[in-house]
Amino acid sequence: MPPILRAVQPQLPFIIAGFASFLFSVWLYFVQDETMAGIFVGLWVPSIHSLGTLVLTQTDAPARREQEA
């Protein structure tokens, strides 16, 4: 597997979920004429990406404190 794909692999579920949420919100808003539902689902996109950032970000603050001491 190329290195770029290996680097993106952990993020892929969150990227796909965010894109699916975006497509679903556009479908609700324009095709189904469900304005409020489309806006509500559209707000999921930044939430999904924020969750991905939270889950995938490694915190090494305790390790840094031990090294400094």
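Take the position in the sequence shown, starting the count at 1, then add 24; the result is the number in the numbering used here. Even for Gly, the Cβ is constructed at its ideal location relative to N, Cα and C.
{"Query": "The segment 27-37 in contact with the segment 59-66 per 3-pair CB rule at 8 Å", "Result": "no"}
{"Query": "For Met-60, three-class secondary structure by DSSP", "Result": "helix"}
{"Query": "Distance between Pro-70 and Phe-43 (C-alpha atoms, nearest Å)", "Result": "10 Å"}
{"Query": "Beta-carbon gap between Pro-34 and Leu-80 smaller than 7 Å", "Result": "yes"}
{"Query": "Local conformation of Thr-77 per DSSP, three classes", "Result": "helix"}
{"Query": "Pro-26 (DSSP reduced to helix, strand or coil)", "Result": "coil"}
{"Query": "Through-space distance from Thr-83 to Trp-94, alpha-carbon basis", "Result": "There is simply no residue 94 to check, as the chain begins at 25 and stops at 93 in what is shown."}
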